[in-house]
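Those letters in the sequence shown? Residues 1 to 392, by the UniProt record's numbering. By construction, the Cβ of each residue, glycine as well, lies at the ideal position given by its N, Cα and C atoms.
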Amino acid sequence: MAKILVLGAGYAGMMAATSLERNNEPFTLINKHPYHYLTTLLHEAAGGRKEPMQYTVKIADVLRKPTSEFVQDEVVSIDREKKVVHCKGGDQAYDYLIITMGWISEYFGIPGMKENSMSIQNLDTAVEIRNHIEREFQTYLEDNDDRHLRIVVGGAGLTGIELVGELCDWIPKLCIQYNIPKSKVDLQNIEAMPSILPMVSESLREVAARALTEKGARLRTNTKLMKVDPGVVHLDGDETVEAGTIIWTGGVRANPILTEAGFTVDRRGRAKVNEFLQSVDDSNIFIGGDCAWAEEDGRPLPPTAQFATQMGPVLANNVTSFMHGQPMQPFQGHNLGTLASLGSEIGVGQMMSIPVKGVIGGLAKEVSKIKYLWQLGGVRLAVDKTNEVVHL
Ligand code: FAD
Ligand code: NAD
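Right, here's the structure in full:
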């Protein structure tokens, strides 16, 4: 029997796996962890909103058929010639491959950035940020060095802004817990472009900027991070900022395993696919989510969870069709809008081109989470996960 391997249990991989189950197609899913984490909520985990495991779904709770195999392992490389995936725990042969191993941070070669900053790349690194910030507050009590209370977030795209929103909610709680005046804390969000959140309308940007500034963040636009030394950020104009916490949210690129495997990639390392999400280099390989360089009307789709989620079933159906010599379906992405949370209660964004802000914006983000869990594991998963949150 032909063997299908799915690499990576993120949005695209999990949706592909559940669709393969529906198609009665046996497969093996390989993922680093025994759980799927909700990347779209990792800024909450970094900002200490809930316990880390609240942002996970056990893979075994979603894949239920005996023909669905799960292997917890880390993919190291892909040998396309031999049709073998090399993992830390051993090799896995395949006939058909679905690659959905997500993204890593893009450092643009900024000297010292990778070595001297933290970033939200997965649940573990999000938790590291949370633990690090809390340790800095504790250390301040020992030596009264103000640098422990300075946090720099580099980049004011959606990740940077959502993280800053989360930190704005958490910092007052930490100040009470450690008996530190809130005025001592300096949270700076530094963005190279003239404005934050370039992807939303100007009026929504203003709403976001006002809300975050009122909560205590310093939003610094037109300011570029040039270099990072341990505890020191160098900005253009020769300014330096000494900070105990330096977080990079300046952009993403696809998992480097794709470039290393010799796929045709774009400047962010995403592997080129045709309209069926099939690799242009290898017809028995399908690629989705942030790993895929997919185009619509000649324009590359952005790396977002909403497209990754929509790609999952198409990846599964097209592998199934291709294996059985049936016609495949082209992928058509539906952009439902963009929502940025600004802490736990409010948010801004555009849904179906309608601007939303304030409490409605915050609620809309919650609704999109429940909708995704419903899609993934039906009403049971949506209710279970929502209950966990309510019971905290
Ligand atoms: P991922 O969800 O990243 O999953 C990749 C999976 O592959 C992970 O399980 C990982 O552990 C696994 N993996 C990686 N490497 C290996 C390996 N070598 N071996 C084995 N397994 C591996 N997008 C939206 O549309 N809406 C939002 O509201 C939104 N909010 C976001 C908030 C934050 C803080 C961030 C960082 C991103 C957000 N995004 C959002 C972007 C979105 O999260 C990504 O586009 C999305 O996660 C991509 O899905 P994916 O399936 O390609 O990869
Ligand atoms: P991004 O590329 O969208 O934003 C990075 C920001 O960092 C940009 O504004 C850029 O100008 C800035 N930057 C880059 N280099 C800099 C420098 N040297 N100094 C100062 N600023 C610098 O990256 P992201 O925010 O991580 O988003 C990645 C992807 O994930 C996007 O496709 C985004 O849509 C998606 N995402 C979506 C959501 C959401 O829908 N709520 C949330 C997070 C991420």
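Alpha carbon to alpha carbon, how far is G10 from Q72?
13 Å
Answer yes or no: the CB of residue 438 versus the heavy atoms of the ligand NAD, is any distance below 7 Å?
Examination of residue 438 is not possible in this model, given that the chain is present from 1 through 392 alone.
Can you check DSSP and say which residues form a bridge with L204?
Per DSSP, none; premise fails for L204.
Determine the closest residue to R267 out of F108, G160 and V280, with distance taken between C-alpha atoms.
F108
The ligand NAD and M101: does any heavy atom of the ligand fall closer than 7 Å to the residue's C-beta?
no
Can you tell which of T386, V383 and L376 has its C-alpha closest to the C-alpha of A60?
L376
V166 classed as buried or exposed, judged by whether at least 16 other C-beta atoms fall within 10 angstroms:
Here residue 166 is Glu; the residue named in the question, Val, does not match the sequence. Answer is buried; the Cβ neighbour count reaches 16.
Three or more beta-carbon pairs under 8 Å between the segment 247-255 and the segment 98-115, yes or no?
yes
Residue range of the alpha helix (DSSP H) that includes V62
I59 to V62
Cut-off 6 Å between Cβ atoms - residues of its own chain near G112, not counting five sequence neighbours on either side
K227, V228 and D229
So does T125 have its beta carbon nearer than 7 Å to some heavy atom of the ligand NAD?
no
Judging by CA-CA distance, which residue of N284, S283, G378 and G251 is the nearest neighbour of G269?
G251
Distance, F27 Cα to I247 Cα
38 Å
Contact check, P34 vs K58, beta carbons under 8 Å
yes
Neighbour-count burial assignment, A2, 16 or more Cβ in a 10 Å radius:
exposed
Report the rounded CA-to-CA distance for A208 versus V314, giving the unit in angstroms.
35 Å
Around the Cβ of E214, are there at least 16 other Cβ atoms within 10 angstroms (buried) or fewer (exposed)?
exposed
Neighbourhood of F263 by C-beta, 6 Å cutoff - its chain only, sequence neighbours within 5 removed
A271 and D281
How is the beta strand (DSSP E) around P355 delimited, first residue to last?
I354 to K357
With a threshold of 16 other CB atoms inside 10 Å of the CB of G154, please say whether the residue is buried or exposed.
buried
For K65 and L392, the rounded distance between their alpha carbons
Here L392 scores only 31 on pLDDT, less than 50, and its place in the model is too uncertain to base an answer on.
Whole beta strand (DSSP E) elements within the segment 218-255, 3-residue minimum:
225-229, 232-235, 240-242, 245-248 and 252-254
When you compare the segment 314-326 with the segment 124-134, are there three or more beta-carbon pairs, one atom per stretch, that lie closer than 8 Å?
no
Could you give the residue range of the alpha helix (DSSP H) that holds V314?
A305 to M323
Just to confirm, does A192 get its C-beta within under 7 Å of one of the non-hydrogen atoms of the ligand NAD?
yes
Taking the alpha carbon of S203 as the reference point, which residue from D238, V367 and P355 has its own alpha carbon closest?
P355
State yes or no: is the C-beta of L225 within less than 8 Å of the C-beta of I110?
yes
For E296, write down the residues that DSSP places opposite it in a beta bridge.
R299
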